[in-house]
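Participant:
Residue numbers (the working numbering), protein chains in the order written: chain C, 129 to 643; chain D, 3 to 547.
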């Protein structure tokens, strides 16, 4: 280390000590100055100061030296003998002497006569050579690490074997340290440094136990305000990637719209597994809530594009997607959800926002093409129905009406929890006149459809709120647009800057409707 | 006084990287599939399975032991078949009738207007009666032998263990015991492919143990301090204990493990002794109580909105703090095994299930393995030559110097021994731990007084194989001993609470040698009067922002 560096380091230490009046540990110096951990210790040692030094002693302990212990609050309860004695002295409680041998035990001695014949045989039994006496604890080498203020240094040195102790300065502080937490405070700040872990620089231990990725400082979970960890760590990056993926998806969909044939493939796609819509919605929902992981999205997008272009392949690609589904990302997702519930952290609020906007963009892109057949298709796959809740969503001109239906589905997930999910799906129902329904049927038959997840469908109609309200006003569920957020079931009017704000709550009555 | 350290900005010290396995075939019984978890089963199944599994072993051993006894005492298959005055032996499950043992029926009948008495630290009393039972019936065991066995230091009987007794029925219908016999120490664990008879002679053909570069080049020479590979065992970090000294100790531990603290030892030249010692630690095992239980009344208080109190602002979220500690340790490439203990949020019944790894940053955190409460694992290499040097074994037969060995570890968070302790008059926990090995059952008192998951058709706590290292967390003090044959020993380690004692056990993989590292932080102003700490601190003049 050059003298220049040393000088600047000293200047910084001086500033910390004298201006900021705070404790300076060697770890902090090493990180702030960017030098080897031992150089930092030397810097502190050579720093000319009147301040209070804390030393760390390390070395072999004498076999008889004892170190101070910390009392933990939990160990203080328990029944101590004194209190029992006091209890008995009050004569309120009679304490039975459990060391007395019970009556029957004494009486049972008469069984002895039978054993007499055996007396000479007993020695035949080889005695258990081991275990007759207690097991003695081994003496072990003891190595000590003792933190001590400058006033106790000499005394603590006595704990160690002569010449087997090494001493270095742990910290400097402007005044004697009275609260142990003070030594901890610098670490909270230190962890926020990007170069907190850099074994090469500081000469700390490293290794190749998990060689391919020793936690790199950059990917290290970043801190929250309280010095704790932010588990949403790389999520933002994921989200961004995901948005890209979605844009791609949108593009793909535009393509499919222009091609007329994908309808057949679509039929296949929607029909088969009963669970499909539920799964899809649940996935979509998760996406809204947690900002799902990127590859899953890609898989979906891919399978869709394939379905669009190569109908023959659609089933296989679909299978692939289905196989893909319970991947680690799902598990991770579940874990994360559990964790969030546990820690009561709400860090995904902002994630919702962006995603909604993406969804909308996407939907507006494919809405004209895709809406028609959905209703009739989806009715096939409904299995559990709870509440019918939404107004018709069809645009003007058709009277084959569709309404949004909230269903809930209970299933056992792979962790054994019963999970009830609410999801929204569209359902067609005939309007007042049959003929109109027929018209709509013929109409739907023409339309190619890309069945997207229900949450997206819900926002399909966002762009024509006026019409919707008109047509919906006649139904028993009128005004039901009421703040049913996208799939998530949360009302968040503020989250949507444009049209949905109006949609959030159209009437006062809607606000109080059951959701 | 401190002297300047020789700064050696050379390459950072590197840890050895021994192979590791979580021994799935042994750990699997402890994992309860959450999808078919059911608490509807009766506990009788557990006892039944235990008796069925251990009875043949005990019978065999008893037969060997008593075959020389004159009169060839027969084995009675059923306790009900006992004949008066006929010398014989029987095998069954021990049941201790203990007046002090908590009784759920008494609890039910209790008048709830009165505050129940505080739970006792022990159930033991001189009025306890020992019974032996099997499927057919139960008989009371009497006699000096049984009394001596129960009372002596290092002995003891607990409910639920399987034992054979030799003796005869008395006129009063009791069974006068002449001698007794347990299942005995099981065989040392051997990896499935291990064909060698001796426990530790194993040629390892696999290309594991990449970190052996320094250690393994030296062939016949005894290991020097620099070549040993150590595993650190810590219990009771008690993160979140609201005790700053405990947190500070943890911090010192982290600094030691990452090789930051310490310096050269003067007598050993200029090498950075401490830092290199830390660098030889290849794995860290946290055996229970990494988190602390919340203290009712203080931890659930609403935090003050403005920092009006004089307490320092240190994050008080135990899980986050622990995950920071773990990530610090992991950053120095030290893998961690995390075993839950009684105060960890992993359920109250044994086997405790692994803490969700997402608590500590999720699956992307490499090197942290959350395990069940009794847990098996296997680490690293042990050189047979060294074993032979110690124990005259014939391990050198395998030659080549590359005869690596792996040490199997088996440990619990401490509940098992804590519960056995309640039954016995002595304080000798080390012998209790050995007893559990001899009984071939690590938790005989479950499900009687130790909570346990009602396994419908298994008793996972039966010990079929003996580990090289048997560690028990959260014990009052550090103790260690070797048990078993000289050439196939098991190292028992009792780990104390780190937050309290500051002790860390280090175990040498090569030699099964054990040592401790102890951490001490100064006593603080106001701490001298014990409980007054909190009060003093609040009025104290320490102000931090």
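Here a beta-carbon is modelled for each residue, glycine too, at the ideal position from N, C-alpha and C. Quantities reported herein were computed from a predicted structural model and do not represent experimental measurements.
#1: At which residues does the beta strand (DSSP E) containing residue 505/D begin and terminate?
#2: Taking the DSSP output, what are the residues bridged to residue 272/C?
#3: Rounded to whole angstroms, what's the CA-CA distance from residue 548/D to residue 426/D? Just pull it up for me.
#4: Quick one: list the residues of chain D neighbouring residue 156/C, beta-carbon separation under 9 Å, in chain order.
#5: Exposed or buried, residue 547/C, counting other C-beta atoms within 10 Å across all chains shown (16 or more means buried)?
#6: First and last residue of the beta strand (DSSP E) that includes residue 117/D?
#7: Report yes if the CB atom of residue 300/C is closer than 9 Å to the CB atom of residue 131/C, and no otherwise.
#8: Across which residues does DSSP place residue 296/C in a beta bridge pair?
#9: If you draw a straight line from the C-alpha of residue 370/D to the C-alpha of residue 342/D, how long is it?
#10: Can you round the beta-carbon distance between residue 265/C and residue 482/D to whole angstroms, since I take them to be within the 8 Å contact cut?
#11: Kindly confirm or deny that the stretch 418-425 of chain D and the stretch 167-175 of chain D touch, where touching means at least three C-beta pairs closer than 8 Å.
#12: Any contact between the stretch 444-457 of chain D and the stretch 486-495 of chain D? By contact I mean 3 or more CB pairs, one from each, below 8 Å.
#13: For residue 443/D, write down the residues that DSSP places opposite it in a beta bridge.
#14: Is the beta carbon of residue 465/D less than 9 Å from the beta carbon of residue 230/D?
#15: Going along chain D in order, which residues have a C-beta closer than 7 Å to the C-beta of residue 319/C?
#16: Can you pull the chain C neighbours of residue 521/D, defined as C-beta to C-beta under 9 Å?
#17: Taking C-beta to C-beta, are residue 189/C and residue 295/C nearer than 9 Å?
#18: Between which residues of its own chain and residue 298/C is the CB-CB distance below 7 Å, once the five residues before and five after are set aside?
#19: Between the C-alpha atoms of residue 83/D and residue 33/D, what's the straight-line distance to the nearest angstrom?
#20: So is residue 41/D buried or exposed if we call it buried at 16+ other beta carbons inside 10 Å?
#21: If you count every other CB in all the chains shown that lies within 10 Å of the CB of residue 30/D, and 16 or more means buried, which is it?
#22: Label residue 435/D either buried or exposed according to how many other C-beta atoms from any shown protein chain fall within 10 Å of its C-beta, with 16 as the threshold for buried.
#23: So with CB distances below 7 Å, who are the chain D contacts of residue 268/C?
#24: Which term fits residue 270/C, buried or exposed, when burial requires 16 or more other beta carbons within 10 angstroms of its beta carbon?
#25: On the criterion of 16 or more Cβ atoms from any shown chain inside 10 Å, does residue 107/D qualify as buried, or is it exposed?
#26: When you compare the CB of residue 140/C with every CB in chain D, is at least one pair closer than 9 Å?
#27: Comparing C-alpha positions only, which one of 355/D, 514/D, 431/D and 507/D sits nearest to residue 35/D?
#28: Quick check on DSSP: helix, strand or coil for residue 143/C?
#29: Is the Cβ of residue 109/D closer than 9 Å to any Cβ of chain C?
#30: If you draw a straight line from the C-alpha of residue 559/D to the C-alpha of residue 192/D, how long is it?
#31: Can you list, in chain order, the residues of its chain with a C-beta nearer than 7 Å to that of residue 139/D? Leave out the 5 residues immediately preceding and following it.
#32: Please state whether DSSP places residue 247/D in a helix, a strand or coil.
#33: Taking 9 Å as the threshold (beta carbon to beta carbon), is residue 179/C in contact with chain D?
#34: At the level of alpha carbons, what is the spacing between residue 504/D and residue 249/D?
#35: At 7 Å on the CB atoms, spell out the chain C contacts of residue 414/D, in chain order.
#36: Is the CB of residue 192/C under 9 Å away from at least one CB in chain D?
Facilitator: So, from the data block:
#1: Looking up residue 505/D in the second chain gives position 503. Run containing residue 505/D: 505-510, per the beta strand (DSSP E) assignment.
#2: For the purposes of this step, residue 272/C is identified with residue 144 of the first chain, where counting begins at 1. Per the DSSP secondary-structure output, residue 272/C pairs in a beta bridge with 187/C and 520/D.
#3: Chain D is shown only over 3 to 547; residue 548/D falls outside these bounds and no answer can be derived.
#4: Translated into positions along the first chain, residue 156/C becomes position 28. Under the 9 Å cutoff, chain D gives no residues; its nearest Cβ is about 11 Å from residue 156/C.
#5: Taking the first residue of the first chain as 1, we reach residue 547/C at position 419. In the assembly as shown, residue 547/C is an exposed residue. Its beta-carbon has fewer than 16 other beta-carbons within 10 Å.
#6: Translated into positions along the second chain, residue 117/D becomes position 115. Residue 117/D -> no beta strand (DSSP E), and no H or E assigned at all.
#7: Working through the first chain from its first residue, we reach residue 300/C at position 172. Working through the first chain from its first residue, we reach residue 131/C at position 3. Not in contact: residue 300/C and residue 131/C (Cβ atoms no closer than 9 Å).
#8: Numbered from 1 along the first chain, position 168 holds the residue referred to as residue 296/C. Answer is 184/C, bridged to residue 296/C.
#9: Taking the first residue of the second chain as 1, we reach residue 370/D at position 368. Taking the first residue of the second chain as 1, we reach residue 342/D at position 340. Each residue's Cα considered, the two are about 13 Å apart.
#10: What you label residue 265/C is simply residue 137 of the first chain in a count that begins at 1. What you label residue 482/D is simply residue 480 of the second chain in a count that begins at 1. Taking 8 Å as the upper bound for CB-CB distance, residue 265/C and residue 482/D are in contact here, some 6 Å apart.
#11: No, the stretch 418-425 of chain D is not in contact with the stretch 167-175 of chain D.
#12: Result no; under three Cβ-Cβ pairs closer than 8 Å.
#13: The residue you call residue 443/D lines up with position 441 of the second chain. Answer is 464/D, bridged to residue 443/D.
#14: The sequence position of residue 465/D within the second chain is 463, counting from 1. The sequence position of residue 230/D within the second chain is 228, counting from 1. Their beta carbons are not under 9 Å apart, which means residue 465/D does not touch residue 230/D by this criterion.
#15: Numbered from its first residue, the first chain carries residue 319/C at position 191. Residues of chain D passing the Cβ test: 326.
#16: In the second chain, counting from the first residue as 1, residue 521/D sits at position 519. Those within 9 Å of residue 521/D in chain C are 195, 272, 273, 274 and 275.
#17: Translated into positions along the first chain, residue 189/C becomes position 61. Translated into positions along the first chain, residue 295/C becomes position 167. Using a Cβ distance threshold of 9 Å, residue 189/C and residue 295/C do not count as a contacting pair.
#18: Against the first chain, residue 298/C aligns to sequence position 170. Apart from the 5 residues on each side of it in sequence, residue 298/C sits with its Cβ closer than 7 Å to the Cβ of 153, 154, 182, 183, 184 and 275 in its chain, given in chain order.
#19: Within the second chain, the letter at position 81 stands for residue 83/D. Within the second chain, the letter at position 31 stands for residue 33/D. Approximately 40 Å, taken between the alpha carbons.
#20: Here residue 41/D corresponds to residue number 39 of the second chain, with the count starting at 1. It is exposed - the Cβ of residue 41/D has fewer than 16 other Cβ atoms within 10 Å.
#21: By one-based count along the second chain, residue 30/D stands at place 28. So residue 30/D ends up on the exposed side.
#22: The sequence position of residue 435/D within the second chain is 433, counting from 1. It is buried - the Cβ of residue 435/D has at least 16 other Cβ atoms within 10 Å.
#23: Position 140 of the first chain holds residue 268/C. Ordered by position in chain D, the residues that pass the 7 Å Cβ test against residue 268/C are 482, 516, 517 and 518.
#24: Indexing the first chain from 1 puts residue 270/C at position 142. That one is buried.
#25: On the second chain, residue 107/D is found 105 positions in, with the first residue counted as 1. By the 10 Å Cβ count, residue 107/D comes out exposed.
#26: Position 12 of the first chain, counted from the start, is the residue given in the question as residue 140/C. Closer than 9 Å: no.
#27: As a first step, residue 35/D must be located in the second chain, where it is residue number 33. It is 355/D whose Cα lies nearest to the Cα of residue 35/D.
#28: Position 15 of the first chain, counted from the first residue, corresponds to residue 143/C. Secondary structure at residue 143/C: helix, using DSSP grouped into helix, strand and coil.
#29: Here residue 109/D corresponds to residue number 107 of the second chain, with the count starting at 1. Residue 109/D does not count as touching chain C.
#30: Missing from the structure shown is residue 559/D; chain D here goes from 3 to 547 and no further.
#31: On the second chain, residue 139/D is found 137 positions in, with the first residue counted as 1. So the qualifying residues of the chain are 81 and 82.
#32: Walking along the second chain from the start, residue 247/D turns up at place 245. DSSP, reduced to helix, strand and coil, places residue 247/D within a helical segment of the structure shown.
#33: Sequence index remark: in the first chain, residue 179/C carries index 51 (1-based). Cβ-Cβ to chain D under 9 Å: no for residue 179/C.
#34: In the second chain, counting from the first residue as 1, residue 504/D sits at position 502. In the second chain, counting from the first residue as 1, residue 249/D sits at position 247. For residue 504/D and residue 249/D, the gap between their C-alpha atoms comes out near 11 Å.
#35: Indexing the second chain from 1 puts residue 414/D at position 412. Ordered by position in chain C, no residue passes the 7 Å Cβ test against residue 414/D, which lies about 18 Å from the chain.
#36: Indexing the first chain from 1 puts residue 192/C at position 64. Output row for residue 192/C: interface = no.
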